[in-house]
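There are 2 protein chains.
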Amino acid sequence: MAPLARPTYAVIAKTAGVSEATVSRVLNGDESVHPDRAQRVREAVEELGYKKNRVASALASGRTGLIAVVIDDDLSVFSDPFWGTVTSGVSRVLQENGLHTVLMVAPVGALDGGVAHYLKSGEVDGAIFFVLHSDALVSYLKKQGLPLVITGTPHSNADIPFVDTDNFGGAHSATKHLMGQGCKKIAIITGDIGTTAAKQRLDGYLQAHREKGNLPIKSLIREGDYSFESGKAHTEALLASHPDIDGIFASNDLMAMGAITVLERAGRSVPNDVRVVGFDDALIAQTSRPALTTIRQDVVALGEAAGSLMIAQLNGQEFEPIILPTELIIRESA
Amino acid sequence: MAPLARPTYAVIAKTAGVSEATVSRVLNGDESVHPDRAQRVREAVEELGYKKNRVASALASGRTGLIAVVIDDDLSVFSDPFWGTVTSGVSRVLQENGLHTVLMVAPVGALDGGVAHYLKSGEVDGAIFFVLHSDALVSYLKKQGLPLVITGTPHSNADIPFVDTDNFGGAHSATKHLMGQGCKKIAIITGDIGTTAAKQRLDGYLQAHREKGNLPIKSLIREGDYSFESGKAHTEALLASHPDIDGIFASNDLMAMGAITVLERAGRSVPNDVRVVGFDDALIAQTSRPALTTIRQDVVALGEAAGSLMIAQLNGQEFEPIILPTELIIRESA
DNA sequence: ACTACCCGCGAAACCGCTTTCACGGATTCA
DNA sequence: TGAATCCGTGAAAGCGGTTTCGCGGGTAGT
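So the sequences go chain by chain: A and B. Numbers -1 to 332, taken from the numbering used here, label the letters of the first sequence in order. Numbers -1 to 332, taken from the numbering used here, label the letters of the second sequence in order.
In structure tokens, the structure reads:
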């Protein structure tokens, strides 16, 4: 499938009156070529509309120009606009740097199958993981020397470059906000506690209490799974066990919506009786009634940061983990 | 970056006692090799844990094993869970067939820039477009012989394989449903009418009226842009010009939500005073109050269909456009 | 003025797989 | 039995870049 007959080095070299080696040097930014000849090459390239064949280049150089983005094959993950947005940010940054994004939707369990092999065998120059749970494969690839970036905080403390939102700080300020509004009994509905993000958000919530000198009762801490349904279920349970509850911090907006649905159905007014804060600032936070007070994370920036971190690694530059700040968005629910 | 020293054909050939040509034949399913030798090759492959170098293979054969997915670089498009879900469906199907998905987020305007070149220059074996507006590039690539699939209905009637939801049928049944509920004055808030999907949904709405023998007044037809805000704005306008309106069909759920928000704020009860139907069955349709009656489209299936259509083309099989059925989901709003 | 170095540049090997071509032997047909 | 055909197979020529190696001329050092 070679739609167009494209010129090769041979042609460029001939019209520029130099050798193919020189063409290669010029096209790869080798400074050692005499300016005049370099110029002749550039003109030939321009004139003939030459574009490098990336495949041939990849074979010879060992660099494919491809970066894998590995996403858990859990629909609830990718159908979440969150990851879609992150991915588009990544893709844009990479594209600006002449790299392409290869999307890999893989079931977490199969990470030692085809995808793992693909990554291990040097057919991509690097990999960006959207990782929620285990990162065994990640550590393995790290050892192989494959440039990696993790979006989210890794579990293992192997020094793998990562980008993440300041989950702790966000949760902390959400909880403080509820306290500042006069809430005395604040529950938290966490995400899947197997994920570091959920843990960090819980820590932020705890820290806010600690600073106030009163740790929350254990039964105010409920482990959800980021779904609307789990938000509803845990709120029902909370209302049953703690009828005097007056604040809920949900670890994402969807669960916050579930909480509000149940609260209103139970005759509690939000925010008058119970105040609710979510996390993410997803679309629904704006469209819901009451509009949701929440912690905004800059998802596009997250993707771009991941892309930049990858570029930095490939260029052998210095880099360190990037933690993006969050912002409390006050709307109607708290 | 070659993490592992991998065996090559040379090694396989030697241990199997055959030539490299034979190894290639076996690995590419050429039937003409004697079963015994083929077996020896397979054993050698197994024993050495050999995996083909896709790059070298691509250079020699001209097939890269890469399929581009081109998405409009409009954040509101990709952050819409819709496209994320479609993409994951595509990716899964391709992966099952040994192909990989290269994500290309490109501004529509730049389609004759880098991305266009990339596609034109045979560095992917095919391209799947998520196309909303112009499809000039698509027609061009089609002429170049690049296998294409369009997700959504193309504007030009060049016979490009596409997959789409039955927008017409869905809109038709939504409108019929409103009529069946006793609505006499039904407005429609369309999507950007430059998109075929929006046009088809409008047609479905019109057809339902036509069948009933009474075409709607022109001023009941409002062109929105799929955003929450536009749903709100058009509903306000409708209430002003047609206070007796009793039904609204919004071309997506987000605009339907906007409509409901405005209606309730204006003291109209949904569904008692005004019934509202959306389109998509997005997450918000389930979480909103009142829960949204809407037209469900199977987004995952859409992605998988797109992937399958691509595979079919690459295999030179017969294929034709795929139109996926919709389903009316009755909840509370109508 | 002579040796030692450095520098820009081309020839050629090479990356790992695919594919054409032709050869030797077996089979078929007359 | 001889000529024509067919088959499985290996040698070798690519695919289109990258990179090593070494050459010839120019500069520097003494």
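For glycine and all other residues, C-beta sits at the position ideal for the given N, C-alpha and C.
At least 8 angstroms separates the CB of residue 275 of chain B from every CB of chain A. For residue 136 of chain B, the enclosing alpha helix (DSSP H) stretches over residues 134 to 142.
Contacts with chain B at 8 angstroms (Cβ-Cβ) do not include residue 194 of chain A. Chain B places no beta carbon closer than 8 angstroms to that of residue 308 of chain A, leaving this residue out of the contacts.
Secondary structure at residue 160 of chain B: strand, using DSSP grouped into helix, strand and coil. Interface with chain B (8 angstroms Cβ-Cβ cutoff): residue 296 of chain A is excluded.
For residue 279 of chain B, there is no enclosing alpha helix (DSSP H), as DSSP marks it with neither H nor E.
Taking 8 angstroms as the Cβ-Cβ cut-off, the stretch 81 to 92 of chain B approaches chain A at 81, 82, 83, 85, 86, 89, 90, given in chain order. In the DSSP assignment, residue 178 of chain A falls within the unbroken alpha helix (DSSP H) covering 165 to 178.
Between residue 127 of chain B and residue 81 of chain B, the C-beta gap is not smaller than 8 angstroms, which leaves the two residues out of contact. If only uninterrupted beta strand (DSSP E) runs of at least 3 residues are considered, those enclosed by the stretch 173 to 217 of chain B are 184 to 188.
Counting of Cβ neighbours within 10 angstroms places residue 171 of chain B among the buried residues, the total reaching 16 or more.
Per DSSP, the unbroken beta strand (DSSP E) holding residue 220 of chain B starts and ends at 219 to 221. When secondary structure is reduced to three states using DSSP, residue 330 of chain A falls in the coil class, being assigned neither helix nor strand. Under the Cβ criterion (8 angstroms, minimum of three pairs), the stretch 200 to 208 of chain A does not count as touching the stretch 250 to 262 of chain A.
With the rule of 3 Cβ pairs closer than 8 angstroms, the stretch 319 to 332 of chain A does not count as touching the stretch 8 to 27 of chain B.
Residue 95 of chain A has its alpha-carbon roughly 27 angstroms from the corresponding atom of residue 58 of chain B.
Excluding five sequence positions before and after residue 250 of chain B, the CB atoms of its chain that fall closer than 7 angstroms to its own CB belong to 189, 224, 276, 277, 278, given in chain order. Of the residues B:304, B:123, B:138, the one whose Cα lies closest to the Cα of residue 65 of chain B is B:123. Of the candidates B:160, B:296, B:145, the residue whose Cα lies closest to the Cα of residue 152 of chain B is B:160.
For the stretch 224 to 235 of chain A, residues whose beta-carbon sits nearer than 8 angstroms to a beta-carbon of chain B comprise 226. The beta carbon of residue 299 of chain B sits closer than 8 angstroms to the beta carbons of 87, 322 from its chain, once the five residues preceding and following it are set aside; these are given in chain order.
In this structure, residue 273 of chain A sits near residue 181 of chain A, with a CB-CB distance shorter than 8 angstroms. Using a Cβ-Cβ cut-off of 8 angstroms, residue 44 of chain B does not count as an interface residue toward chain A, since no Cβ of chain A sits closer than that to its own. Rounded to whole angstroms, residue 44 of chain B and residue 136 of chain B show a C-alpha spacing of 42 angstroms.
In its chain, beyond the 5 residues on either side, 233, 268, 272 have a beta carbon closer than 7 angstroms to the beta carbon of residue 261 of chain A. Annotation: residue 243 of chain B is outside any alpha helix (DSSP H) and is labelled neither H nor E by DSSP. Comparing alpha-carbon positions, the option among B:144, B:237, B:37 lying closest to residue 186 of chain B turns out to be B:237. Residues of the stretch 252 to 272 of chain B with a C-beta less than 8 angstroms from any C-beta of chain A: 252, 255, 256, 259, 262, listed in chain order. Looking at B:226, B:194, B:195, B:241, the one whose alpha-carbon comes closest to that of residue 217 of chain B is B:241. For residue 52 of chain A, the enclosing alpha helix (DSSP H) covers residues 52 to 59. Under the DSSP assignment, residue 149 of chain A falls in the beta strand (DSSP E) whose first and last residues are 146 to 149. Scanning its chain for C-beta atoms nearer than 8 angstroms, with the 5 sequence neighbours on each side dropped, one finds around residue 51 of chain B the residues 4, 6, in chain order. Burial check for residue 157 of chain A: the Cβ neighbour count within 10 Å stays below 16, so the residue is exposed.
Residue pairing by DSSP puts residue 99 of chain B in a beta bridge opposite A:101, B:65.
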